[in-house]
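**Q**
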Amino acid sequence: MSGHGEAQPMISAKSGPLSGVAAVPGDKSISHRALIFGAMAVGETKITGLLEGQDVIDTAKAMQAFGATVTRHGEGAWSVHGVGVGGFSEPADVIDCGNSGTGVRLIMGTVATTPISATFTGDASLRKRPMGRVTDPLSLFGTQAYGRKGGRLPMTVVGAANPVPVRYALPVASAQVKSAILLAGLNAPGETVVIEREPTRDHSERMLLGFGAELNVEQTHEGHVITLLGRPELRPQTVAVPRDPSSAAFPTCAALIVEGSDIRVPGVSQNLTRNGLYLTLVEMGALIEFENPRTEGGEPVADLRVRFSPDMKGIEVPEERAPSMIDEYPILSVVAAFATGKTVMRGVKELRVKESDRIDAMARGLEACGVTIEEEEDVLIVHGMGAGGMPGGATCATHLDHRIAMSFLIAGMASKKEISVDDGSPIVTSFPIFEGLMNGLGASIRRG
């Protein structure tokens, strides 16, 4: 499947019990960062477990375009010979980030304080997404950005020749914006400070410390305050990428709603800034056991045992949990449809500026499948129909969004009638083995 080529309709039919081991790919967020930080270090960074989805491959190509040497040695095994902080060279061509908002926004941060120019583009979905939320704070360093109307790609970023340090309070919770500012701060003199009202995923902070940056995190009356000292020499590292909790969400949620299922999902990241979905599922009554907790690559991980959970109840998801599960609301809304009662998701307006307007996409698709939905700008409410209660029978629009496509294919595994998606090709951007992995567990997913 290709997220850049022709549409690939897919169909999911009612499944028998799922069983086996769901070995999901490496974490996408950490994979992006391992390549980028490796390119900014001096020497060779070795990476194992790298997610080889198209999003991450596009970031690897971008690092090569900026002068780093990126080599694949085998499945998930890569190395990056970095050029040092501020060492990026001007690329000879446009940087195509495909479908990845994380990739383009983080890479813009690295360019922001380097005296070079780079032009960024992406696929049709990425070109619709607003970049002003990143370029506005980057302009405080002295960076200039020239894009299409509304701050959209294609966009040329001109790095500041004489950057100044920045103190910036995030107006919305966004790990991408936070990380872009921290990456820009690496090549600015003095201290760059980012303040967030609610902590977002902290992979950048963990990895910066691992690569030798001087960084401090504290909780003050202003909020979560991250202070980075600029101009360090980053040291190359060996990075073991844990399995992606966002990808693990799909086989996990499938097992919860498909009658008789009992699967294991090994080595899933349990980072407290990423585990909101799993906390929510347990509160709903999901039968999930967290076994063999340990640390891999500086991240907490555990093995999951997941069983069919027919007695799940709808809940009100705490609004403050949103940053730790922002990518998982689409699949949560599917689980909510198979619970009893009402599931209320607040604080989710960030979903409207993802690969698609995910609130609208899920609401319209679930309605087409017979589920009652209430929707506001910042709220999604799903009225559950109980185990096996979703009628299904619809074709759902994915809007070039991998998580929308996978969510409705999971729904089709437990609905009364099969569910189709108009285009499953974007799935390759984050979970290239999705189709094979799910069918290996017992799903019935096929190309249309």
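The UniProt record's numbering puts the first residue of the sequence shown at 1, with every later residue one more than the last. Glycine included, each C-beta is placed from N, C-alpha and C at the ideal position. All of these numbers come straight from a predicted model, not from anything done at the bench.
#1: Tell me, please, which residues DSSP counts as bridged to residue 194.
#2: Compare the C-alpha of residue 126 against each of 47, 183, 357 and name the closest.
#3: Taking the alpha-carbon of residue 434 as reference, which of 338, 53, 142, 88 has the nearest alpha-carbon?
#4: Of all the options 431, 406, 436, which has the alpha carbon lying nearest to the alpha carbon of residue 423?
#5: When the distance is taken between beta carbons, is residue 103 closer than 7 Å to residue 241?
#6: Measure from the alpha carbon of residue 162 to the alpha carbon of each residue in 180, 187, 214, 146, then state which is nearest.
#7: Pair every Cβ in the segment 222–236 with every Cβ in the segment 407–422, then say whether three or more of these pairs are closer than 8 Å.
#8: Does the Cβ-Cβ distance between residue 191 and residue 165 come in under 7 Å?
#9: What is the DSSP secondary structure of residue 3, counted as helix, strand or coil?
#10: For residue 353, I'd like the list of residues in its chain whose CB is within less than 7 Å of its CB, leaving aside the five on either flank, ordered along the chain.
#11: Can you tell me the Cβ-Cβ gap for residue 147 and residue 154, rounded? I've got them flagged as a contact below 8 Å.
#12: Under 7 Å, do residue 245 and residue 268 count as touching if we go by C-beta distance?
#13: Counting only runs that start and end within the segment 89–173, where is the alpha helix (DSSP H) found for 4 or more residues in a row?
#14: Cutting at 7 Å between CB atoms, please list the residues of its own chain near residue 319, excluding the five before and the five after it.
#15: Quick check: what's the CA-CA separation for residue 2 versus residue 218?
#16: What are the start and end residues of the alpha helix (DSSP H) that includes residue 347?
#17: Tell me the DSSP bridge mates of residue 77?
#18: Excluding the 5 residues flanking residue 307 on each side, which residues of the same chain have their C-beta closer than 7 Å to its C-beta?
#19: Between residue 381 and the rest of its own chain, which residues show a CB-CB distance below 8 Å, the 5 nearest in sequence each way excluded?
#20: Nearest-angstrom Cα distance between residue 361 and residue 72?
#21: Tell me whether the segment 33–47 and the segment 74–88 touch, counting them as touching only if at least three CB pairs, one residue from each stretch, are closer than 8 Å.
#22: So, under 8 Å CB-CB, residue 229 and residue 214 are touching, yes? Tell me the CB distance rounded to an integer number of Å.
#23: Spatial neighbours of residue 413 within its chain, please: CB distance less than 6 Å, with the 5 preceding and 5 following residues excluded, ordered by chain position.
#24: Spatial neighbours of residue 368 within its chain, please: CB distance less than 6 Å, with the 5 preceding and 5 following residues excluded, ordered by chain position.
#25: Once the 5 residues before and after residue 391 are set aside, which same chain residues still bring their CB inside 7 Å of it?
**A** From the atom records:
#1: The count along the sequence shown starts at 1 and reaches residue 194 at position 194. Bridge partners of residue 194: 168, 226.
#2: For this step, residue 126 is matched to residue 126 along the sequence shown. It is 357.
#3: One-based indexing of the sequence shown puts residue 434 at position 434. Residue 434 has its Cα closest to that of 53, out of 338, 53, 142, 88.
#4: As a working mapping, residue 423 is identified with position 423 in the sequence shown. Residue 406 is the option with its Cα nearest to residue 423.
#5: Taking the sequence shown and counting its residues from 1, one reaches residue 241 at position 241. Taking the sequence shown and counting its residues from 1, one reaches residue 103 at position 103. Taking 7 Å as the Cβ cut-off, residue 241 and residue 103 do not qualify as a contacting pair.
#6: For the purposes of this step, residue 162 is identified with residue 162 of the sequence shown, where counting begins at 1. Considering only alpha carbons, the answer is 187.
#7: no
#8: For this step, residue 191 is matched to residue 191 along the sequence shown. For this step, residue 165 is matched to residue 165 along the sequence shown. Cβ atoms of residue 191 and residue 165: closer than 7 Å.
#9: Residue mapping note: residue 3 aligns to position 3 of the sequence shown, counting from 1. Low confidence applies here, because residue 3 scores a pLDDT of 44, under 50, leaving its location unreliable and the question unanswered by this model.
#10: Position 353 of the sequence shown holds residue 353. For residue 353, where only same-chain residues beyond five positions count, the Cβ hits under 7 Å are 129, 130.
#11: The residue you call residue 147 lines up with position 147 of the sequence shown. The residue you call residue 154 lines up with position 154 of the sequence shown. Confirmed, Cβ separation roughly 7 Å.
#12: Indexing the sequence shown from 1 puts residue 245 at position 245. Indexing the sequence shown from 1 puts residue 268 at position 268. Contact flag set, yes.
#13: 101–112, 132–139
#14: Locating residue 319 in the sequence shown gives position 319, where the first residue counts as 1. If we look at residue 319 and ignore the five residues flanking it on each side, its Cβ neighbours are 346, 347.
#15: Here residue 2 refers to the residue found at position 2 of the sequence shown. Here residue 218 refers to the residue found at position 218 of the sequence shown. Summary for residue 2: the model assigns pLDDT 40, below 50, so the residue's position carries little reliability; its value from the coordinates is reported in the next sentence. Their Cα atoms are separated by approximately 42 Å.
#16: For this step, residue 347 is matched to residue 347 along the sequence shown. First-last for residue 347: undefined, no H or E at that position.
#17: Counting from 1 along the sequence shown, the entry for residue 77 is found at position 77. BP columns for residue 77 point to 74.
#18: Translated into positions along the sequence shown, residue 307 becomes position 307. Cβ within range, chain order: 255, 261, 262, 287.
#19: Here residue 381 corresponds to residue number 381 of the sequence shown, with the count starting at 1. Cβ within range, chain order: 342, 343, 344, 345, 373, 374, 375.
#20: Residue mapping note: residue 361 aligns to position 361 of the sequence shown, counting from 1. Residue mapping note: residue 72 aligns to position 72 of the sequence shown, counting from 1. The alpha-carbon atoms of residue 361 and residue 72 are separated by roughly 36 Å.
#21: yes
#22: Locating residue 229 in the sequence shown gives position 229, where the first residue counts as 1. Locating residue 214 in the sequence shown gives position 214, where the first residue counts as 1. With 8 Å as the limit, residue 229 and residue 214 qualify as a contact, their Cβ atoms being about 4 Å apart.
#23: If you number the sequence shown from 1, residue 413 lands on position 413. Around residue 413: 12, 15, 254, 258, 443.
#24: For the purposes of this step, residue 368 is taken as the residue at position 368 of the sequence shown. Contacts found: 394.
#25: For the purposes of this step, residue 391 is taken as the residue at position 391 of the sequence shown. Hits under 7 Å: 369, 370, 415, 416, 417.
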